[in-house]
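Heads up, the sequence shown is in my numbering, so the first residue is 2 and it goes up one at a time.
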Amino acid sequence: MYYELASSSWGDEEIQAIQRVVASGRFTMGENVSRFEEAFAKKFGVKHTLMVSSGSTANLVGIAALFYKKDRPLQRGDEVIVPSISWATTYYPLQQYGLKLRFLDVELDTLNMDVAQLEKAFTPRTRMVVAVSILGNPCALDVLSKFCDKHGLYLFEDNCESMGAKLNGKLCGTFGDIGTFSSFFSHHISTMEGGILVTNDTELYHLARSIRAHGWTRDVPADSSIYEKRDDDFFEAYRFILPGYNARPLELSGAIGVEQLKKLDAMIEIRRRNARVFVDLFKNDERFIIQRENGMSSWFAFTVILNPKFNVDRKKVMNAMKQADIGYRIITGGNFLRHDVIKHFDYECVGEIKNANIAHDRGFFVGNHPHDVTPQIRRFHEVLVKAAG
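Shown next as C-alpha cells:
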C-alpha cells in the first residue's frame, strides 16, 4: 500500500534482543520484563511500573486493583464519567466490574472529552473519571485532575494511544491514580503485544502485581500491606489472595521494550515533523476539520472530519483513497454508543452526544509513522482536495 496505516519501528537492536532471549531459553516473565519496567518508570518519572500482556489488560488489571483497595474501594453500581469516543477496551472492564457509565460528548476539534459538561455529569454516586487522550492528543488532564480532587474521585488515565504526549510539561499517563499505555505494533513503541500500568500508589501497585499473575502472592513483596506472609513455604508457593488473571507479558516483549524505549523520543520527534506537514496543508481549508493540538501531541495518527457545513460526499472521498492506495480507519472505533455491544452496558448519556456522532459518520484517520512520510501526506492531501471538489 502506498500510504500504510502503520509500519515497523524495529531495527537490528530489537532482532538481537529477541535472539538473546531465544538463546537464554527463558521466555516467561523474568529479568527482561523487570528491566523494561525499571526503564519505563525512570523515563516517565513514576514510582511503579507494571508490564502486562496488552494495553487492554492494563486497563483490566488497573480497574480490578481499584476494587480491592483497603480504603475507598470501587464497588459495583458506582458511577464513572467517560468520553463517548475511545477504544472498546477502555469501557469493557468498567462493564465487567459492574460500574455504571455516564457518557459525555467530545469536542469536535480535539476529539477529547468535553470537560464543560463535567459538573452536569457528577452525581452522589460518581466515584471515578476515565481520561482518554485520543490518538496522541492530550485531553484536558489539568481540568480533570482539579475536578477529581474537588470531588474526591479516582482519575484513571487510559493513555494507550498517547505515549510521549505532554500537557503543561507533564507526561500524559502520569496525571491519574493509575495510567495505562499500549505497546502494540502500531503504537509509539512496539513490543509485538504489550501494555504498561503506572502508579505512584504502592498499594495499587502490589494489588496489580498480584492480579496480573493469578491473584497469587508470589510476585508481591513479603512485607506488602495487602497480605500477611505465613511461615509455611509449601502453601505460600501457591497462595491466592485476589481474583486475578494471567496478564503476564513475555520475556521477548520486555527485551524488545528496553530497546524501543531508547528510541521513543527520536521517533516522536519524527512524528511531530510529519504532523507539521499535515497541519500546514490542511489548516486553512474549512472543508476539513483536523485535530487541534492540546499541549504537545505525540501524533499517533492524522484525523480528518468532513465538515458538515459543506456538501462533501464521504463515499466519494473513501473511494478516492482506496483508488490511491491510502489506508484509513474510523477514528478510534468512533462513537462507542453506536456499537452493538452497548446493549450490555448500564449507562446514561449526559446532554446531547452530537460531536461524537459527527466524527463517527464523517471522520476517519490516516497513519503517522516513525519515519518521514511527507510524500504520502502530500499525496493524501491532493487526493482529498480533488475528491472534495
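Glycine included, C-beta positions come from ideal geometry on N, C-alpha and C.
Contact belief for residue i with residue j at Cβ below 8 Å, rounded distance in angstroms
{"i": "Thr181", "j": "Ala59", "result": "4 Å"}
{"i": "Pro244", "j": "Met30", "result": "So it is not a contact: roughly 20 Å between Cβ atoms."}
{"i": "Leu75", "j": "Met129", "result": "7 Å"}
{"i": "Lys101", "j": "Glu120", "result": "So it is not a contact: roughly 18 Å between Cβ atoms."}
{"i": "Phe301", "j": "Gly137", "result": "4 Å"}
First and last residue of the uninterrupted beta strand (DSSP E) at residue i
{"i": "His49", "result": "His49 to Val53"}
{"i": "Leu307", "result": "Ala302 to Leu307"}
{"i": "Lys101", "result": "Lys101 to Leu105"}
{"i": "Asp159", "result": "Tyr155 to Asp159"}
{"i": "Ile1", "result": "Look at the range of the chain in this structure, 2 to 390, and you will see that residue 1 is not part of it."}
{"i": "Glu349", "result": "Tyr348 to Cys350"}
Where residue i falls: helix, strand or coil (DSSP)
{"i": "Arg315", "result": "helix"}
{"i": "Pro376", "result": "helix"}
{"i": "Asn295", "result": "coil"}
{"i": "Gly255", "result": "helix"}
{"i": "Thr181", "result": "strand"}
{"i": "Met129", "result": "strand"}
{"i": "Met268", "result": "helix"}
{"i": "Arg240", "result": "coil"}
{"i": "Ile227", "result": "coil"}
{"i": "Asn275", "result": "helix"}
Candidates the options: closest to residue i by CA position
{"i": "Lys44", "options": "Gly258, Asp347, Thr111 and Leu156", "result": "Gly258"}
{"i": "Ile271", "options": "Leu61, Thr127, Ser57 and His370", "result": "His370"}
{"i": "Arg315", "options": "Gly390, Leu205, Phe176 and Phe241", "result": "Gly390"}
{"i": "Ala214", "options": "Val22, Trp11, Arg126 and Met52", "result": "Met52"}
{"i": "Ile1", "options": "Lys70, Ala42 and Glu39", "result": "The question about residue 1 has no answer here: the residues shown for the chain are numbered 2 through 390."}
{"i": "Phe311", "options": "Asp286, Lys323 and Gln324", "result": "Asp286"}
{"i": "Ile331", "options": "Val342, Ser184, Leu307 and Met268", "result": "Leu307"}
{"i": "Phe346", "options": "Arg231, Leu95, Ser226 and Glu38", "result": "Leu95"}
{"i": "Ser10", "options": "Lys147, Ala117 and His189", "result": "His189"}
{"i": "Val318", "options": "Ala276, Leu338, Phe365 and Cys350", "result": "Phe365"}
{"i": "Leu265", "options": "Asp224, His372 and Gly177", "result": "His372"}
Own chain residues within Cβ distance below 8 Å of residue i, not counting five before or after
{"i": "Gly334", "result": "Ile86, Ser87, Trp88, Ala89 and His340"}
Spatial neighbours of residue i in its chain, beta-carbon cut-off 6 Å, leaving aside the 5 residues before and after
{"i": "Arg77", "result": "Gly99"}
{"i": "Phe289", "result": "Phe283 and Val305"}
{"i": "Val278", "result": "Thr375 and Ile378"}
First through last residue of the alpha helix (DSSP H) which encompasses residue i
{"i": "Pro94", "result": "Ala89 to Gln97"}
{"i": "Leu208", "result": "Thr203 to Arg213"}
{"i": "Leu119", "result": "Leu119 to Ala122"}
Close Cβ partners of residue i (< 7 Å) along its chain, the five nearest in sequence each way excluded
{"i": "Ile327", "result": "Tyr3, Tyr4, Val367, Phe381 and Val384"}
{"i": "Ser134", "result": "Asn113, Cys140, Asn160, Glu162, Ser163, Ala166 and Cys173"}
{"i": "Tyr239", "result": "Trp217"}
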